[in-house]
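Trainee:
2 protein chains.
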Amino acid sequence: MTRHSRQRDAVYENLCSRFDHPTAEDIYLSLKKEIPDISLATVYRNLALLENEGKIARISCDGTARYDANFSLHAHFVCKICGRVTDIESSGQNLIAEYSEKFEGTIMSQSLIFGGICPECKKIK
Amino acid sequence: MTRHSRQRDAVYENLCSRFDHPTAEDIYLSLKKEIPDISLATVYRNLALLENEGKIARISCDGTARYDANFSLHAHFVCKICGRVTDIESSGQNLIAEYSEKFEGTIMSQSLIFGGICPECKKIK
DNA sequence: CTCCTAACCGATAATAATTATCATTAACAT
DNA sequence: ATGTTAATGATAATTATTATCGGTTAGGAG
Numbered sequence: 001m002t003r004h005s006r007q008r009d010a011v012y013e014n015l016c017s018r019f020d021h022p023t024a025e026d027i028y029l030s031l032k033k034e035i036p037d038i039s040l041a042t043v044y045r046n047l048a049l050l051e052n053e054g055k056i057a058r059i060s061c062d063g064t065a066r067y068d069a070n071f072s073l074h075a076h077f078v079c080k081i082c083g084r085v086t087d088i089e090s091s092g093q094n095l096i097a098e099y100s101e102k103f104e105g106t107i108m109s110q111s112l113i114f115g116g117i118c119p120e121c122k123k124i125k
Numbered sequence: 126m127t128r129h130s131r132q133r134d135a136v137y138e139n140l141c142s143r144f145d146h147p148t149a150e151d152i153y154l155s156l157k158k159e160i161p162d163i164s165l166a167t168v169y170r171n172l173a174l175l176e177n178e179g180k181i182a183r184i185s186c187d188g189t190a191r192y193d194a195n196f197s198l199h200a201h202f203v204c205k206i207c208g209r210v211t212d213i214e215s216s217g218q219n220l221i222a223e224y225s226e227k228f229e230g231t232i233m234s235q236s237l238i239f240g241g242i243c244p245e246c247k248k249i250k
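Just so you know, the protein sequences line up as chains E and A, in that order. If you're matching positions, the first sequence starts at 1 in this note's numbering and goes up one per residue. If you're matching positions, the second sequence starts at 126 in this note's numbering and goes up one per residue.
(1) For residue 122 of chain E, which of E:97, E:94, E:81, E:10 has the nearest alpha-carbon?
(2) For residue 176 of chain A, which residues of its own chain have a beta-carbon under 6 Å away from its beta-carbon, when the five flanking residues on both sides are left out?
(3) In the stretch 96-110 of chain E, which residues sit with their C-beta less than 8 Å from some C-beta in chain A, listed in chain order?
(4) Helix, strand or coil: how does DSSP classify residue 6 of chain E here?
(5) Between which two residues does the beta strand (DSSP E) containing residue 58 of chain E stretch?
(6) Roughly how many angstroms lie between the CA atoms of residue 155 of chain A and residue 132 of chain A, to the nearest whole one?
(7) Residues in the stretch 2-31 of chain E with C-beta within 7 Å of chain A's C-beta atoms, listed in sequence order?
(8) From the DSSP output, in three-state form, read off residue 106 of chain A for me.
(9) Is it true that the stretch 141-153 of chain A meets the stretch 88-108 of chain E, where meeting means three or more beta-carbon pairs spaced less than 8 Å apart?
(10) Does the beta carbon of residue 114 of chain E sit closer than 8 Å to a beta carbon anywhere in chain A?
(11) At 7 Å on the CB atoms, spell out the chain A contacts of residue 55 of chain E, in chain order.
(12) Tell me whether the beta-carbon of residue 187 of chain A lies closer than 8 Å to the beta-carbon of residue 203 of chain A.
(13) Along the chain, where does the beta strand (DSSP E) that runs through residue 75 of chain E open and close?
(14) I believe residue 163 of chain A touches residue 116 of chain E by the beta-carbon criterion, under 8 Å. Please report the beta-carbon distance rounded to the nearest angstrom.
(15) Strictly below 7 Å CB to CB, what residues from chain E border residue 185 of chain A?
(16) Compare the C-beta of residue 163 of chain A against all C-beta atoms of chain E and say whether one is closer than 8 Å.
(17) Could you give the distance in angstroms between the alpha-carbon of residue 153 of chain A and the alpha-carbon of residue 86 of chain E?
(18) Using the Cα positions of residue 227 of chain A and residue 119 of chain E, report the straight-line distance between them to the nearest angstrom.
(19) Quick check: the Cα distance between residue 47 of chain E and residue 2 of chain E, rounded to an integer number of angstroms?
Have a look at this one:
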C-alpha cells in the first residue's frame with residue numbers, strides 16, 4: 001500500500017527534469033531548495049522504492065550509485081578525467097534479444113557503459 | 126619503481142585462477158589460507174595497483190567493486206536473485222568502434238552488463 | 001655480501017556511501 | 001473527525017574503501 005508523498009513526487013520529478021545522472025546526494029542538495037527540511041534518508045528511501053517500482057533505473061558505473069529516469073534504450077559514457085556521466089548516442093540495437101539466444105537464464109535488463117575522455121576534457125588537454 | 130611482493134603476486138594469481146569475479150573481501154578470505162596474516166588493506170592496495178598497471182579490470186555492477194583478470198572481449202551477467210556475476214557468451218562484437226564513430230570524445234573501454242535470473246535460480250523457482 | 005632507501009606490509013583509524021532505527025507526522029479509508 | 005499505518009526527519013549503525021603510521025623487506029649501490 002504505497003501512499004502518496006510530496007517528497008517522493010519531488011524526487012521523481014527532480015530526476016525526470018535532469019540529464020546528468022545524479023547521485024542520491026546530488027538530488028538531495030537540489031531538492032533542499034524547494035523542501036528545505038527534506039532528509040537525505042528520504043531521498044535514499046524513495047530512490048530505492050522508485051527503482052523497485054520500475055520507474056527509475058540505477059546506474060552502476062563507479063563506486064556511488066547514480067540514477068536515471070530515461071528508459072529508452074541508450075548507453076552511457078563515463079569520463080575518467082572529470083567523472084561526468086553522459087548519454088551517448090546509440091544505434092538502439094537490442095542486445096538483450098541477441099544475448100538471450102544462447103543463454104539459459106532470463107535477461108531482463110542491459111547496461112552498456114563506455115569509459116574514456118569526454119569531448120570537453122579532450123579539448124582542455 | 127614497483128617492487129615484487131609475495132602478497133601482490135598472490136592477489137594476482139588468485140584472481141587469475143578464479144572466474145567468479147570476486148570482491149576484495151572474497152580474495153582476502155581466499156588468500157588467508159596460504160598467507161594467514163595478510164591484511165585486507167594489502168588486498169585493496171594491490172588490486173588498485175594492478176588495475177592501474179592494466180593487469181586486471183574492475184567491474185562495477187552493483188554497490189561493491191568486483192575484479193576480473195580476463196581481458197578478452199566479453200559481457201557479464203548479474204543474477205538479481207543470488208547476486209552471482211558470471212561471464213555470458215558474447216558475439217565478441219567491438220562496440221567501441223561502432224560508438225566511436227558518432228562520438229567526439231575518446232572511448233577507451235566498454236562494459237556490457239546484463240541483469241536477470243540465472244539458469245540455476247530459474248530452475249529452483 | 002652488506003648497507004641503504006624507498007616501496008611494501010599489517011594493523012587500525014578515518015572517511016564515504018548507504019541502510020536501519022525510532023519517535024513523530026500525515027495520507028487516506030471509514 | 002478519527003484511527004491506522006506508511007512515510008518522514010534526525011541520527012545511529014553498518015559497509016566498503018582509503019589514509020595513516022611504525023615496522024619490514026626487496027633489490028640496487030658500493
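Even for Gly, the Cβ is constructed at its ideal location relative to N, Cα and C. On a predicted model such as this, the values are computed, not experimentally measured, just so you know.
Mentor: Once the coordinates are examined:
(1) Closest by alpha carbon: E:81.
(2) 183
(3) 96, 98, 99, 102, 103, 104, 105, 106, 107, 108, 109, 110
(4) helix
(5) 57-59
(6) 12 Å
(7) The residues in question: there are none.
(8) This structure gives no information on residue 106 of chain A, because the portion of chain A shown stretches from 126 to 250.
(9) no
(10) yes
(11) Result: empty, since nearest Cβ-Cβ is about 16 Å, beyond 7 Å.
(12) yes
(13) DSSP places residue 75 of chain E inside the beta strand (DSSP E), whose first and last residues are 75-79.
(14) Not confirmed; about 34 Å, so no contact.
(15) 60, 61, 62
(16) no
(17) 35 Å
(18) 12 Å
(19) 14 Å
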